[in-house]
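Single-structure report; data block below.
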Amino acid sequence: MKRTTGSWVPVAAMLALVLLLAFATTGCDTHDAEGHHDEASEVDGHEGHDHGDHGGHEAEEIDSHEGHDHGDHDGHSDTDDHADETGLVLSERDRSDAGIELATAGPGRLELHTRLLGEVRVNEERLAHVVPPVPGVVREVSVRIGDEVEAGQLLAVLASRELAEARAQYLGARGRRELAVIAYEREKELWEREILAEQSYLDARQALSEADIEFQAAEQTLHALGVSDDELGTLTASHEAGALTRHELRAPIGGTVIELHLVLGETVGEDSDVLAIADLSTVWIDLDVPQINLGAIREGQRMTISASGIDIADATAVIDFVSPVIDEETRTALARVEIPNVGGHWRPGLFVTAYAAFDQLEVPVMIPRDAVQSLEGETVVFIPEGDAFESVPVVLGRTNGTHVEIETGLRQGEQYVAEGAFALKAEVVTSGLDSHAGHGH
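First residue of the sequence shown: 1, per the numbering used here; consecutive thereafter.
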């Protein structure tokens with residue numbers, strides 16, 4: 001009995017320990033499960049609350065932010081010099097710098113023009129070419145190209161052997177004539193006093209006549225060589241070196257030296273065109289008239305002459321000559337006008353454009369040609385719309401180069417940009433503004 005009791009005790013103790021461990025494990029699991037459940041509930045509650053708060057806050061924050069950005073963007077457009085969706089906005093300073101000027105569209109009289117091309121030329125009625133009458137060697141040159149000279153002014157000096165010979169012949173003829181005059185007067189006196197035979201008197205008279213002929217021939221030769229009567233009166237048999245060979249070239253008219261072909265020491269011939277002097281106070285405009293335009297061009301017709309690309313005021317002149325023949329190569333006729341050249345701006349050789357009016361038409365809307373611009377393939381006119389400028393497509397009618405008829409797109413009484421339209425076009429292009437903005441598209 002004692003032995004039995006002693007062997008059961010360890011077994012019972014072991015069973016009690018197992019049960020204790022099992023209870024402890026079960027309690028801990030139950031507590032953990034409840035803890036996890038509470039934690040899950042707490043998390044769900046928190047998440048629900050957070051979701052509601054976050055959704056409301058985020059919605060309000062997004063709306064507020066978007067509204068603020070949109071407002072800022074609109075506010076920027078109102079003060080931006082470049083654009084909003086309805087047109088181009090410029091500050092007052094930019095308007096002034098661009099030279100913006102407005103006008104009111106209305107009717108007008110459109111003059112239809114014939115457009116001709118031409119060239120400025122020297123007025124050949126006031127042109128002089130200086131040609132030496134004798135060959136010689138250039139000793140002096142007193143002018144340069146572009147110099148203004150007066151009539152009679154010394155231009156150059158030549159040394160001419162031919163001129164020296166002609167002068168010597170003149171001096172000899174003059175001397176022989178003087179002797180013939182003396183002999184004739186003496187013979188005449190003696191014959192009248194019946195001291196000398198009549199034949200001697202007649203011989204003296206014949207000698208004088210021959211001397212006169214020789215003298216006149218020598219004198220005319222010098223005149224042909226450009227020697228004046230004043231110079232002949234002072235011409236003497238001087239022994240000064242080069243006196244007889246000296247030939248002075250003087251200006252036949254007053255004007256501008258436009259050509260000069262003289263070099264010191266060179267020999268020039270009697271057919272050499274060594275100088276050209278032009279009076280440029282007036283110039284000719286030679287115009288080419290195509291065959292199709294001959295019916296619209298006539299003498300006495302008024303024309304407007306302009307030179308593109310050069311700051312010269314347009315000139316108005318009357319056609320004073322229309323050629324009766326057609327040029328075989330160009331198939332054009334020559335029309336000519338003469339215009340004053342105050343200040344020398346109309347330079348010979350300058351290409352010009354001439355407009356001759358041949359008809360006048362009354363049109364309902366007429367504006368300056370410069371007010372019309374080409375923008376992205378459209379022909380437009382700029383109009384003011386509040387503080388902005390809008391480009392409006394227009395359909396053009398007839399034009400004369402300076403003004404144009406507007407068929408559609410701009411009505412009578414509407415304001416438009418008459419000056420500075422090109423500057424507005426440049427602003428539209430550089431700002432990237434859609435050219436259709438403000439069209440109502």
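Where a beta carbon is used, it is the ideal one built from N, C-alpha and C, also for glycine.
- A straight-line Cα-Cα distance of about 34 Å links Ala159 and Ser209.
- Its Cα nearest to that of Val138, the residue Arg246 stands out among Arg246, Ala335 and Gly254.
- The beta carbon of Arg174 lies closer than 7 Å to those of Phe215 in the same chain, with the five residues before and after it left out.
- Excluding sequence positions up to five before and after Leu222, its CB lies within less than 7 Å of the CB of Ala166, Arg167, Tyr170 and Leu232, all in the same chain and listed in chain order.
- Counting along the chain, Leu112 sits inside the beta strand (DSSP E) bounded by residues Gly106 to Val122.
- Counting along the chain, no beta strand (DSSP E) covers Leu190; the unbroken alpha helix (DSSP H) around it starts and ends at Arg161 to Glu192.
- Thr304 sits close to Asp314, with the two beta carbons spaced by under 7 Å.
- Put simply, of Glu162, Glu390, Gln199 and Glu124 the residue whose alpha carbon is nearest the alpha carbon of Ala224 is Glu162.
- Asp271 sits away from Arg121, with the two beta carbons spaced by 7 Å or more.
- C-alpha of Glu198 to C-alpha of Gln220: approximately 33 Å in a straight line.
- Within the region 306 to 377, complete beta strand (DSSP E) segments of at least 3 residues are found at 315 to 322, 332 to 340, 351 to 368 and 372 to 375, given in chain order.
- Taking 7 Å as the cut-off, the Cβ atoms of Ala335 and Val352 do not count as close.
- Non-local C-beta neighbours of Arg205 in its own chain, meaning closer than 8 Å and more than five positions away in sequence, comprise Tyr184, Glu187 and Lys188, ordered along the chain.
- Here the C-alpha atom of Ile406 lies approximately 13 Å from the C-alpha atom of Ala418.
- At least 7 Å separates the beta-carbon of Gly254 from that of Glu125.
- For Val392, the enclosing beta strand (DSSP E) covers residues Ala388 to Pro393.
- In the three-state DSSP reduction, His261 falls in the coil class, being neither helix nor strand.
- When the Cα atoms are used, Leu410 and Val395 turn out to be separated by approximately 9 Å.
- When DSSP reads this structure, Ala103 sits in a beta bridge with Tyr416.
- For Ile383, the three-state secondary structure derived from DSSP is strand.
- DSSP places Ala296 outside any alpha helix (DSSP H), giving it a letter other than H or E.
- The beta carbon of Pro107 lies closer than 6 Å to those of Pro364 in the same chain, with the five residues before and after it left out.
- Using a Cβ-Cβ distance cut-off of 8 Å, the region 332 to 349 and the region 290 to 308 are in contact, since at least three pairs of beta carbons, one from each stretch, lie closer than that value.
- Here Gly99 is near Gly420, since their CB atoms are less than 7 Å apart.
- In the structure shown, the three-state DSSP call for Glu231 is helix.
- When Phe389, Arg144, Ser96 and Val283 are compared, the shortest CA-CA separation from Tyr416 is found for Phe389.
- Spatial neighbours of Glu248 in its own chain (CB-CB distance under 7 Å, excluding positions within 5 residues in sequence) are listed in chain order as Leu154 and Val157.
- By the neighbour-count criterion, in which a residue is buried when 16 or more other Cβ atoms sit within 10 angstroms of its Cβ, Val263 is exposed.
- Nearest Cα to Arg250 within the set Glu140, Leu375, Ala357 and Tyr201: Glu140.
- DSSP places Val134 outside any beta strand (DSSP E), giving it a letter other than H or E.
- Rounded to the nearest angstrom, the gap between the Cα atoms of Gly349 and Ile213 is 51 Å.
- Its chain contains Ala105 as the residues whose beta carbon lies nearer than 6 Å to that of Glu414, once the 5 sequence neighbours on both sides are disregarded; these appear in chain order.
- By alpha-carbon distance to Ala128, the top candidate from Gly152, Ile339, Arg398 and His403 is Gly152.
- Beta-bridge partners assigned by DSSP to Glu140: Val157.
- Here the alpha carbons of Ala243 and His345 stand approximately 44 Å from one another.
- The alpha-carbon separation between Thr402 and Pro324 amounts to approximately 31 Å.
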